[in-house]
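S.K.:
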Amino acid sequence: MKTLLWAERMKLRRSKIIWIALFSAVMVSVIVYMQGQFLFQGHRYVDEPGWFMTAAQSLGSIFVLPAIIALMGSYMICREEQGDTMKSLRLIPVKLSRLVGAKLVLAAFMSVLLYAFLFIITFSTEAALHFSLLKSAAVLNFLKIYLLQGICLFFAISPIIAIVAVLKKGYWISLIFAEVYSFAGLFVGMQNTARFIYPVTAAFCVSGYYESTLPQMITSILSLFICACLSLLILDRLNRKYNS
531 MKTLLWAERM KLRRSKIIWI ALFSAVMVSV IVYMQGQFLF QGHRYVDEPG WFMTAAQSLG
591 SIFVLPAIIA LMGSYMICRE EQGDTMKSLR LIPVKLSRLV GAKLVLAAFM SVLLYAFLFI
651 ITFSTEAALH FSLLKSAAVL NFLKIYLLQG ICLFFAISPI IAIVAVLKKG YWISLIFAEV
711 YSFAGLFVGM QNTARFIYPV TAAFCVSGYY ESTLPQMITS ILSLFICACL SLLILDRLNR
771 KYNS
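Going by our numbering, the sequence shown opens with residue 531, and the numbers climb by one from there.
#1: Taking the alpha-carbon of I703 as reference, which of E538, Y563, Q567, A597 has the nearest alpha-carbon?
#2: Going by alpha carbons, who is nearest to Q587 out of I764, L683, V630, C757?
#3: Between the stretch 642–652 and the stretch 667–683, can you find at least three pairs of beta-carbon atoms closer than 8 angstroms?
#4: Looking only at DSSP bridge pairs, what is L569 linked to?
#5: Could you spell out the range, first to last residue, of the alpha helix (DSSP H) harbouring W536?
#6: Could you tell me whether the Cβ of R609 comes closer than 8 angstroms to any Cβ of chain D?
#7: If you pair each beta-carbon of the stretch 633–643 with each one of the stretch 729–746, do three or more pairs fall below 8 angstroms?
#8: Quick one: any contact between the stretch 574–587 and the stretch 543–551, if contact means 3 or more CB pairs under 8 angstroms?
#9: Candidates L629, V560, H573: which alpha carbon is nearest T533's?
#10: To the nearest angstrom, report how far apart V694 and S604 are at their CA atoms.
#11: Rounded to a whole number of angstroms, what is the C-alpha to C-alpha distance between H573 and G566?
#12: Could you tell me the boundaries of the alpha helix (DSSP H) in which T731 lies?
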């Protein structure tokens, strides 16, 4: 597994997908900061300590980052198929299930890193705006929310990554699927019960963005667990097709 992870990491370093992901995080920060210039009761939104970190995490998790995570995951899984190197892999004693597993682990790790990068940007901005008003406990809580959001959102998006891999229509189509999927969460999030069931908004609950009771937290965790299991079942179909 270590060798497969190393090989996938090397392939990813040569790809432009990483730069696209980093650029998306920067653009989320820029757009949210521009929105923070609007006035509310005579004060800019961005002047409120913590507003920028909260807004960047929530808006990015609905409008931009799910599509980027889906793109990264689909790219890693579909790379050999679209690069016509799948036949070469048959000559190497590598199980497709282990290869896909390595790709999923790396994709999940990249999702967390993407949110860590976004946290660095937003925290740096908050510190530049009002460093003296920031409390260490609040900053650590934001860090926890960001990192958990990264892994939870990956689980929520994982069925789309698996479906795109099976469809073999190109990894770019995952952008469309994920954008529609995550945008629907904007409306589901307005429903007190559904928000803890719908995977995208369930990620907000598990990360701590939404306040929740223990039953609601368990429901959200179960929702994300089902997504992970569903994606593995779909990818198992791809594995059986490869071995047949």
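Beta carbons: idealized from backbone N, C-alpha and C, even for Gly.
M.R.: If we stick to the structure as given:
#1: Ranked by Cα distance from I703, the first of E538, Y563, Q567, A597 is A597.
#2: Nearest to Q587 by alpha-carbon distance, out of I764, L683, V630, C757, is L683.
#3: By the C-beta criterion, the stretch 667–683 is judged to be in contact with the stretch 642–652, since at least 3 inter-stretch pairs fall below 8 angstroms.
#4: L569 is bridged by DSSP to R574.
#5: W536: member of the alpha helix (DSSP H) spanning 532–543, first to last residue.
#6: Among the chains of the structure shown, chain D does not appear; only one protein chain is present.
#7: A contact between stretches requires three or more CB pairs, one per stretch, nearer than 8 angstroms, and the stretch 633–643 fails this requirement with the stretch 729–746.
#8: By the Cβ rule, the stretch 574–587 does not count as touching the stretch 543–551, because fewer than three pairs are nearer than 8 angstroms.
#9: For T533, the nearest C-alpha among the options comes from L629.
#10: Cα-Cα distance, rounded: 7 angstroms.
#11: Distance between the alpha carbons of H573 and G566 is about 10 angstroms.
#12: Counted as a single uninterrupted DSSP element, the alpha helix (DSSP H) harbouring T731 occupies residues 729–737.
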